[in-house]
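K.L.:
Numbering (our numbering), first residue to last: 6 to 109. Think of the CB as a built atom: it goes at the ideal place given N, C-alpha and C, for glycine as much as any other residue. Please read these numbers as outputs of a predicted model, since none were measured by experiment. Below you'll find the structure I mean.
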(Lines of atoms letter the chains of each structure in order from A and count residues from 1; the text may use other names and numbers.)
(Lines give C-alpha, C1' and ligand atoms only; values in the text may rest on other atoms or scores of the structure.)
Protein backbone atom coordinates (compact mmCIF):
# COMPACT_ATOMS: atom_id res chain seq x y z
CA UNK A 1 0.00 0.00 0.00
CA UNK A 2 2.82 2.41 0.87
CA UNK A 3 4.49 1.73 -2.48
CA UNK A 4 1.25 2.49 -4.29
CA UNK A 5 0.89 5.81 -2.46
CA UNK A 6 4.53 6.68 -3.15
CA UNK A 7 4.15 5.83 -6.85
CA UNK A 8 1.00 7.99 -7.07
CA UNK A 9 2.76 10.91 -5.37
CA UNK A 10 5.75 10.67 -7.72
CA UNK A 11 3.47 10.47 -10.78
CA UNK A 12 1.51 13.52 -9.60
CA UNK A 13 4.73 15.46 -9.01
CA UNK A 14 6.10 14.59 -12.45
CA UNK A 15 2.88 15.55 -14.20
CA UNK A 16 2.89 18.91 -12.39
CA UNK A 17 6.43 19.55 -13.60
CA UNK A 18 5.48 18.60 -17.14
CA UNK A 19 2.56 21.03 -17.24
CA UNK A 20 4.32 23.98 -15.63
CA UNK A 21 4.92 26.80 -18.10
CA UNK A 22 8.26 28.25 -18.99
CA UNK A 23 9.15 31.80 -18.12
CA UNK A 24 8.36 34.24 -20.94
CA UNK A 25 10.93 36.74 -22.18
CA UNK A 26 13.61 35.56 -19.77
CA UNK A 27 11.56 36.50 -16.69
CA UNK A 28 12.10 34.62 -13.43
CA UNK A 29 9.36 33.20 -11.26
CA UNK A 30 8.59 35.55 -8.36
CA UNK A 31 11.38 38.04 -9.12
CA UNK A 32 10.96 41.42 -10.79
CA UNK A 33 13.18 41.97 -13.83
CA UNK A 34 13.98 45.51 -14.98
CA UNK A 35 13.77 46.43 -18.67
CA UNK A 36 15.58 49.36 -20.28
CA UNK A 37 13.48 50.55 -23.24
CA UNK A 38 13.01 53.28 -25.80
CA UNK A 39 10.17 55.42 -24.46
CA UNK A 40 10.19 54.29 -20.84
CA UNK A 41 11.49 51.58 -18.55
CA UNK A 42 9.39 49.05 -16.65
CA UNK A 43 9.65 46.01 -14.41
CA UNK A 44 7.96 42.64 -14.87
CA UNK A 45 7.57 39.52 -12.72
CA UNK A 46 6.28 36.14 -13.93
CA UNK A 47 4.29 33.79 -11.70
CA UNK A 48 4.64 30.10 -12.55
CA UNK A 49 1.69 29.26 -10.31
CA UNK A 50 -0.77 31.44 -12.24
CA UNK A 51 1.11 31.90 -15.57
CA UNK A 52 0.61 35.65 -15.28
CA UNK A 53 3.01 38.59 -15.57
CA UNK A 54 2.89 41.55 -13.18
CA UNK A 55 4.15 44.81 -14.71
CA UNK A 56 5.12 48.03 -12.91
CA UNK A 57 5.50 51.25 -14.89
CA UNK A 58 5.07 54.98 -14.36
CA UNK A 59 1.61 54.42 -15.96
CA UNK A 60 0.63 52.08 -13.12
CA UNK A 61 0.76 48.36 -12.41
CA UNK A 62 -1.28 45.41 -13.63
CA UNK A 63 -1.49 41.62 -13.63
CA UNK A 64 -1.43 40.36 -17.22
CA UNK A 65 -2.76 37.07 -18.59
CA UNK A 66 -1.28 35.17 -21.54
CA UNK A 67 -2.64 35.31 -25.08
CA UNK A 68 -3.64 32.09 -26.81
CA UNK A 69 -0.55 32.14 -29.05
CA UNK A 70 1.79 32.79 -26.11
CA UNK A 71 3.50 35.83 -27.63
CA UNK A 72 1.85 38.45 -25.43
CA UNK A 73 0.23 39.11 -22.05
CA UNK A 74 -2.56 41.62 -21.46
CA UNK A 75 -4.81 43.15 -18.81
CA UNK A 76 -6.07 46.48 -17.44
CA UNK A 77 -5.17 48.35 -20.64
CA UNK A 78 -1.60 46.97 -20.79
CA UNK A 79 -0.20 44.63 -23.45
CA UNK A 80 3.26 43.10 -23.07
CA UNK A 81 4.48 41.81 -26.46
CA UNK A 82 7.30 39.30 -26.31
CA UNK A 83 7.87 39.06 -30.07
CA UNK A 84 7.54 41.48 -32.96
CA UNK A 85 9.20 44.26 -34.93
CA UNK A 86 9.79 46.31 -31.76
CA UNK A 87 11.33 43.40 -29.81
CA UNK A 88 9.90 43.19 -26.31
CA UNK A 89 7.44 46.07 -26.00
CA UNK A 90 4.77 47.35 -23.62
CA UNK A 91 1.62 49.19 -24.67
CA UNK A 92 -0.86 51.04 -22.51
CA UNK A 93 -4.24 52.29 -23.66
CA UNK A 94 -3.49 51.20 -27.25
CA UNK A 95 -0.24 53.20 -27.46
CA UNK A 96 3.26 51.68 -27.41
CA UNK A 97 4.97 53.24 -24.39
CA UNK A 98 8.12 51.07 -24.27
CA UNK A 99 9.83 49.33 -27.19
CA UNK A 100 13.15 47.67 -28.04
CA UNK A 101 13.36 46.59 -24.41
CA UNK A 102 16.43 44.86 -23.02
CA UNK A 103 16.71 43.10 -19.66
CA UNK A 104 18.93 44.99 -17.24
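Could you pull the start and end residues of the beta strand (DSSP E) that residue 107 belongs to?
P.N.:
Stepping through the chain shown from its first residue, residue 107 is reached at position 102. Element bounds for residue 107: 100-108.
K.L.:
So for residue 82, helix, strand or coil by DSSP?
P.N.:
Here residue 82 refers to the residue found at position 77 when the chain shown is read from its first residue. Residue state, collapsed to three classes: coil.
K.L.:
Decide if residue 55 is buried, meaning its Cβ has at least 16 other Cβ atoms within 10 Å, or exposed.
P.N.:
Counting from one through the chain shown, the residue named residue 55 turns up at place 50. Classification for residue 55: exposed.
K.L.:
Name the DSSP beta bridge partners of residue 62, please?
P.N.:
For the purposes of this step, residue 62 is taken as the residue at position 57 of the chain shown. Answer is 65, bridged to residue 62.
K.L.:
Please return the same chain residues whose Cβ sits closer than 8 Å to the Cβ of residue 74, not counting the five positions on each side in sequence.
P.N.:
Position 69 of the chain shown, counted from the first residue, corresponds to residue 74. If we look at residue 74 and ignore the five residues flanking it on each side, it has no Cβ neighbours.
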